[in-house]
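K.L.:
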Amino acid sequence: MTTTATQSDARAAGPASASRRRARRGDLLVRYAFIAPAAIYMIAFFGYPILKNVVMSFQAYDFTTFFNGEAPFVGLANYTATFSDPIFTRALGNTALFTIGSIIGQFVIGMALALYFRKKFPLSGFLRSLLLLPWLLPMIVSAAVWRWILEQDNGALNRFLEGVGLISEPIPWLVSSSTALLAVIIVNIWLGIPFNVVLLYSGLQSIPDELYEAGQLDGATGWKSFWHITLPMLRPVVSVVLLLGVIYTIKVLDLIIGLTGGGPANATQTLATRSYEMSFIEFDFGQGAALSNVLILIALAFSLVYLRANARAAKKG
Amino acid sequence: MTMALTPRPSPHENDVPDRATPGRPVHRRPASARPISARPVSRRALGVGALAVPGLLGLAGCGSDVGNGGPNDIRIVDYYNTPADDVAINGTFEKCAEELGLTFSREKVPGDQLIAKVLQMGSSRTLPDLLMLDNPNVQQVAASGALAPLEQYGITTEGLTDPVADLGMYDGTLYGIAPTVNTIALFYDAAALEEAGIAPPTTWEELHEAAAALTTPERYGLAFSAIASYEGTWQFLPFMWTNGGDETDLDGEGVIGASRFWSDLVREGLVSRSVVNWGQGDVIDQFKAGNVAMVVNGPWNIAGLEADTPDLDWDVVTIPVPEAGTDPVAPLGGEVWTVPVTGDEEKQKKAAALLKAFVAPENQLYMAGERSTIPGDTAAAEQFAGEHPELSTFVEQVSTARSRTAQLGPEWPRTAKAIYTANQRVLVDDTDPAEAFDEASRTVEASRTAS
Numbered sequence: 003m004t005t006t007a008t009q010s011d012a013r014a015a016g017p018a019s020a021s022r023r024r025a026r027r028g029d030l031l032v033r034y035a036f037i038a039p040a041a042i043y044m045i046a047f048f049g050y051p052i053l054k055n056v057v058m059s060f061q062a063y064d065f066t067t068f069f070n071g072e073a074p075f076v077g078l079a080n081y082t083a084t085f086s087d088p089i090f091t092r093a094l095g096n097t098a099l100f101t102i103g104s105i106i107g108q109f110v111i112g113m114a115l116a117l118y119f120r121k122k123f124p125l126s127g128f129l130r131s132l133l134l135l136p137w138l139l140p141m142i143v144s145a146a147v148w149r150w151i152l153e154q155d156n157g158a159l160n161r162f163l164e165g166v167g168l169i170s171e172p173i174p175w176l177v178s179s180s181t182a183l184l185a186v187i188i189v190n191i192w193l194g195i196p197f198n199v200v201l202l203y204s205g206l207q208s209i210p211d212e213l214y215e216a217g218q219l220d221g222a223t224g225w226k227s228f229w230h231i232t233l234p235m236l237r238p239v240v241s242v243v244l245l246l247g248v249i250y251t252i253k254v255l256d257l258i259i260g261l262t263g264g265g266p267a268n269a270t271q272t273l274a275t276r277s278y279e280m281s282f283i284e285f286d287f288g289q290g291a292a293l294s295n296v297l298i299l300i301a302l303a304f305s306l307v308y309l310r311a312n313a314r315a316a317k318k319g
Numbered sequence: 002m003t004m005a006l007t008p009r010p011s012p013h014e015n016d017v018p019d020r021a022t023p024g025r026p027v028h029r030r031p032a033s034a035r036p037i038s039a040r041p042v043s044r045r046a047l048g049v050g051a052l053a054v055p056g057l058l059g060l061a062g063c064g065s066d067v068g069n070g071g072p073n074d075i076r077i078v079d080y081y082n083t084p085a086d087d088v089a090i091n092g093t094f095e096k097c098a099e100e101l102g103l104t105f106s107r108e109k110v111p112g113d114q115l116i117a118k119v120l121q122m123g124s125s126r127t128l129p130d131l132l133m134l135d136n137p138n139v140q141q142v143a144a145s146g147a148l149a150p151l152e153q154y155g156i157t158t159e160g161l162t163d164p165v166a167d168l169g170m171y172d173g174t175l176y177g178i179a180p181t182v183n184t185i186a187l188f189y190d191a192a193a194l195e196e197a198g199i200a201p202p203t204t205w206e207e208l209h210e211a212a213a214a215l216t217t218p219e220r221y222g223l224a225f226s227a228i229a230s231y232e233g234t235w236q237f238l239p240f241m242w243t244n245g246g247d248e249t250d251l252d253g254e255g256v257i258g259a260s261r262f263w264s265d266l267v268r269e270g271l272v273s274r275s276v277v278n279w280g281q282g283d284v285i286d287q288f289k290a291g292n293v294a295m296v297v298n299g300p301w302n303i304a305g306l307e308a309d310t311p312d313l314d315w316d317v318v319t320i321p322v323p324e325a326g327t328d329p330v331a332p333l334g335g336e337v338w339t340v341p342v343t344g345d346e347e348k349q350k351k352a353a354a355l356l357k358a359f360v361a362p363e364n365q366l367y368m369a370g371e372r373s374t375i376p377g378d379t380a381a382a383e384q385f386a387g388e389h390p391e392l393s394t395f396v397e398q399v400s401t402a403r404s405r406t407a408q409l410g411p412e413w414p415r416t417a418k419a420i421y422t423a424n425q426r427v428l429v430d431d432t433d434p435a436e437a438f439d440e441a442s443r444t445v446e447a448s449r450t451a452s
């Protein structure tokens, strides 16, 4: 039986027959054959590592494991150690503050810029491409430059603020436990703006001008048109931007490592940095895996929200 | 200390995950010296483990796959990447290999990736014939059974001071040997001191006074690194040890007093609070820029200072001590060479022979001169001090220096982390040193009982 011929045969063959069933099976095989490469790839490179990470979190997987291959199972020990670690609570709180703060900042500024660029004006294209710059820079480069800008005594930001008379004492951006997290959030907002602008801007493009013209006739201008036309029309894009933003932000690692290394005094330690520290500095891969599983669970919860929202949108569409 | 690798660190260099010391050593089983190849191989599990850890995936790809170069080709792995280091190390190996009728192939790994690379090579049974390790890592690697004891090959600690020998010792056995060592001392701007009419400080009181006299609106009197990495601990050790503090007694007066000394300097504005975010490279850059008059740092900066700031009139003294007359005790840094257990006894013997020739005193003298480090051999160090007066302070400081891992062994990294965390709380949040180190001591205790 050749699979190519079967489809039309099967259709022509009236009521269910053995050949038709066989044809269907062949049809299915073809379909799976096409999916197979992608499926194998996904399982090998995404499914397996996650599974392995889960298994590792129940093992004493450490320095010696790499030499003698022994990683005994220790039950929930890694998880109890993780939850009783005094830094864990702090890291969890910091992760929440970092994520929420970054998302709000990125979104509000991103939205403002996207609205601004809707207007046609000279240089708009050039400025829009400038806006992408933070996206093009390697994260570790941004971190290094910002570390220099935020330096307490000679940093550009403090010099500027002092110069314009906004502050009289230099702000200890990265060296005080009360401002370090804020500083890290500010830098992450700067990094996240392009992503927000690009998505929101393209969403704005898809809103037909007629809607605004109609709104104008009904007296909806300025803020009114924003609240009653722009935002509702933009809702699907906004939900994508916010949810993806949360998922990206929750696991930010390189930026924090580059700016503060989780310090000073653990002030900028998040679940991601702590998990990195556990695995690659303290070489306790078991506990590092446990911690990153907690992180994965949180991200997964947001992904589910995203998928459901998407499914609903698709149904509606 | 690995910072030695970067004689001229860029201002933006990020030292954050410290490359010097790895982390938590856990050895639940006594380490045996059984050759690795004879062990039950669960390589599959390990290979997969590497998959699960994306960081290691990248590492698997780095470095060329040398080796298999015949029975007389010695595979060497180290992290000497700067030109000065590279040339000195390569030249010495070339000379020694030729004398022994051997050849060698060197693989240079970025400093911060060496340990991850060692783990990867350990799990894939591809450890080289000669492996360089930063000294605080030796204990952990030795504890895992991956290193061959050196005495069986006729390599001994003869001629070395105890602390230098300690660098390569684990559990009373010699696993590694350091041709050259380094430590830290106090660099100062001689012109600034002269202008202020003060002599180089020798005691804490004098250091405090000098820092106060040298502090101006544009300049801090003193700087050290108190960063949240092992570097921050390494810089604190001379203060802690000379004050009678000990790593086995973190909540003791010696440790707390040293922390209080640091904290007073910061609170009075003689030291920038930014030191909690400065690696040693940042500290020396501040010195070069004239933002700081005195800094704690190591000899690996000398070449950079001469090249970048030829007009700066600087000098070095040993780190001031709490009371006049006490010996300054600084931590010993430096890389240690080891012979991994590869299962090929013949090759191990040849590698050991090459190592023995490599660490001969005359080679130590050559490498120390090229790399601004101090020979490990006592007699060579003495001769070296005479030939290199600019490094004599460091020779002196090395003679009383102490190994970080001698007391705690593989437990050291965990304690080092507790120390820098406590210091950061003191410097940043004005936490009372007694409170911060009391908690540090409890953290160390808790994690010790947990594993």
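Just so you know, the sequences run in chain order A and B. Per our numbering, residue 3 is the first one in the first sequence, and the count goes up by one each step. Per our numbering, residue 2 is the first one in the second sequence, and the count goes up by one each step. Glycine included, C-beta positions come from ideal geometry on N, C-alpha and C.
On the three-state DSSP scale, how would you describe B:Asp135?
P.N.:
Strand, per DSSP.
K.L.:
Along the region 36-54 of chain A, what residues have a CB closer than 7 Å to any CB found in chain B?
P.N.:
Result list: Tyr50, Pro51, Lys54.
K.L.:
Determine whether the beta carbon atoms of B:Thr216 and B:Leu151 lie at a separation below 8 Å.
P.N.:
Cβ atoms of B:Thr216 and B:Leu151: not closer than 8 Å.
K.L.:
Short of 7 Å in beta carbon distance, which residues of its chain neighbour B:Thr432, apart from the five on each side in sequence? Order them along the chain.
P.N.:
These residues qualify, in order along the chain: Arg426.
K.L.:
At which residue ranges does the region 129-203 of chain B contain complete beta strand (DSSP E) runs of 3 or more residues, listed in the order of the chain?
P.N.:
Correct list: 131-135, 186-190.
K.L.:
Is A:Gly103 helix, strand or coil by DSSP?
P.N.:
Helix, per DSSP.
K.L.:
Which residues in the same chain have their Cβ closer than 6 Å to the Cβ of A:Gly217, if we skip the five residues on either side of it in sequence?
P.N.:
Contacts found: Ser227, Ile231.
K.L.:
Indicate the three-state DSSP secondary structure (helix, strand or coil) for A:Asn160 in the structure shown.
P.N.:
Of the three classes helix, strand and coil, the one that applies to A:Asn160 here is helix, per DSSP.
K.L.:
Starting from A:Gln320, find everything on chain B with Cβ-Cβ shorter than 8 Å and list it in chain order.
P.N.:
This structure leaves residue 320 of chain A out entirely; chain A is present only between 3 and 319.
K.L.:
In angstroms with no decimal places, state the Cα-to-Cα distance between B:Val284 and B:Ser273.
P.N.:
So the alpha carbons of these two residues sit roughly 11 Å apart.
K.L.:
Between A:Val76 and B:Asn278, is the Cβ-Cβ spacing less than 8 Å?
P.N.:
Going by C-beta atoms, A:Val76 is not nearer than 8 Å to B:Asn278.
K.L.:
Determine the contact status of B:Pro164 and B:Asn244, defining contact as a CB-CB distance below 8 Å.
P.N.:
No.
K.L.:
Are the CB atoms of B:Val139 and B:Thr339 nearer to each other than 8 Å?
P.N.:
It is a contact, given that the beta carbons lie within the stated cut-off.
K.L.:
Tell me, to the nearest whole angstrom, how far the beta carbon of A:Ala311 is from that of A:Val199; I am working on the premise that it is less than 8 Å.
P.N.:
At roughly 22 Å, the Cβ-Cβ gap does not stay under 8 Å, so A:Ala311 and A:Val199 are not in contact.
K.L.:
Starting from A:Phe197, trace the alpha helix (DSSP H) in both directions and tell me its first and last residue.
P.N.:
Where A:Phe197 is concerned, the enclosing alpha helix (DSSP H) stretches over 182-207.
K.L.:
Mind checking the region 248-263 of chain A against chain B and listing, in chain order, the residues whose C-beta falls within less than 7 Å of any C-beta there?
P.N.:
So the list reads Ile259, Gly260, Thr262, Gly263, given in the order they occur along the chain.
K.L.:
The region 59-79 of chain A: which residues have C-beta closer than 9 Å to a C-beta of chain B, in chain order?
P.N.:
Listed by position along the chain: Ala62, Tyr63, Asp64, Phe65, Thr66, Thr67, Phe68, Phe69, Asn70, Gly71, Glu72, Ala73, Pro74, Ala79.
K.L.:
Have a look at A:Ile258 and A:Phe162 and give me their C-alpha separation to the nearest angstrom.
P.N.:
The alpha-carbon atoms of A:Ile258 and A:Phe162 are separated by roughly 24 Å.
K.L.:
Should B:Leu392 be labelled buried (16 or more other beta-carbon atoms within 10 Å of its own) or exposed?
P.N.:
Looking at its Cβ environment, which holds 16 or more other Cβ atoms inside 10 Å, B:Leu392 is buried.
K.L.:
Who pairs with B:Asn298 in a beta bridge, going by DSSP?
P.N.:
DSSP lists B:Ala186 as partners of B:Asn298.
K.L.:
In angstroms, rounded to a whole number, what distance separates the CA positions of B:Gly48 and B:Ser125?
P.N.:
Confidence in B:Gly48 is poor, its pLDDT being 42 and thus under 50, which makes the residue's placement too unreliable to answer from.
K.L.:
Closer than 7 Å by C-beta to A:Val254: which residues in its own chain qualify, once you throw out the five before and the five after it? Chain order, please.
P.N.:
Excluding positions up to five away in sequence, the list reads Asn190, Ala274.
K.L.:
Taking buried to mean at least 16 other C-beta atoms within 10 Å of its own C-beta, is A:Met44 buried or exposed?
P.N.:
A:Met44 comes out exposed.
K.L.:
Enumerate, from N- to C-terminal direction, the unbroken alpha helix (DSSP H) stretches of 4 or more residues contained entirely within the region 31-100 of chain A.
P.N.:
DSSP runs (the alpha helix (DSSP H)) wholly in the region 31-100 of chain A: 50-58, 67-70, 79-86.
K.L.:
Counting only Cβ-Cβ distances shorter than 8 Å, please list the residues of the region 120-134 of chain A near chain B, keeping chain order.
P.N.:
Listed by position along the chain: nothing, the set is empty.
K.L.:
DSSP three-state call for B:Asp86: helix, strand or coil?
P.N.:
Note: B:Asp86 maps to helix in three-state DSSP.
K.L.:
A:Leu159 CB to nearest chain B CB: under 8 Å?
P.N.:
No, no contact with chain B.
K.L.:
If we call anything under 8 Å between Cβ atoms a contact, is B:Gly280 one with B:Asn136?
P.N.:
No, these two residues do not count as a Cβ contact at 8 Å.
K.L.:
Out of B:Val399, B:Gly370, B:Thr379, B:Ser404, state which residue places its alpha-carbon closest to the alpha-carbon of B:His389.
P.N.:
Considering only alpha carbons, the answer is B:Gly370.
K.L.:
For B:Thr339, which three-state DSSP category applies?
P.N.:
In this structure, B:Thr339 counts as strand in the three-state DSSP scheme.
K.L.:
Report the neighbours of B:Ala144 on chain A: residues whose CB is nearer than 9 Å to its CB, in chain order.
P.N.:
The answer, in chain order, is Phe65, Thr66.
K.L.:
Tell me the residue span of the beta strand (DSSP E) that contains B:Ser106.
P.N.:
Where B:Ser106 is concerned, the enclosing beta strand (DSSP E) stretches over 104-109.
K.L.:
Determine the extent of the alpha helix (DSSP H) in which B:Tyr231 is found, giving its start and end residues.
P.N.:
First-last of the alpha helix (DSSP H) with B:Tyr231: 231-243.
K.L.:
For B:Thr406 and chain A, any beta-carbon pair shorter than 8 Å?
P.N.:
It does not; no Cβ of chain A falls within 8 Å.
K.L.:
Can you name the residues of chain B whose CB is closer than 9 Å to the CB of A:Pro174?
P.N.:
Going along chain B in sequence order, the residues near A:Pro174 (Cβ under 9 Å) are Arg274, Ser275, Val429.
K.L.:
Take B:Ile320 and list the residues in its own chain whose beta-carbon comes closer than 8 Å to its own, dropping the five residues that flank it on each side.
P.N.:
Ile185, Ala186, Leu187, Pro239, Phe240, Thr243, Val297, Pro329, Ala331, Gln398, listed in sequence order.
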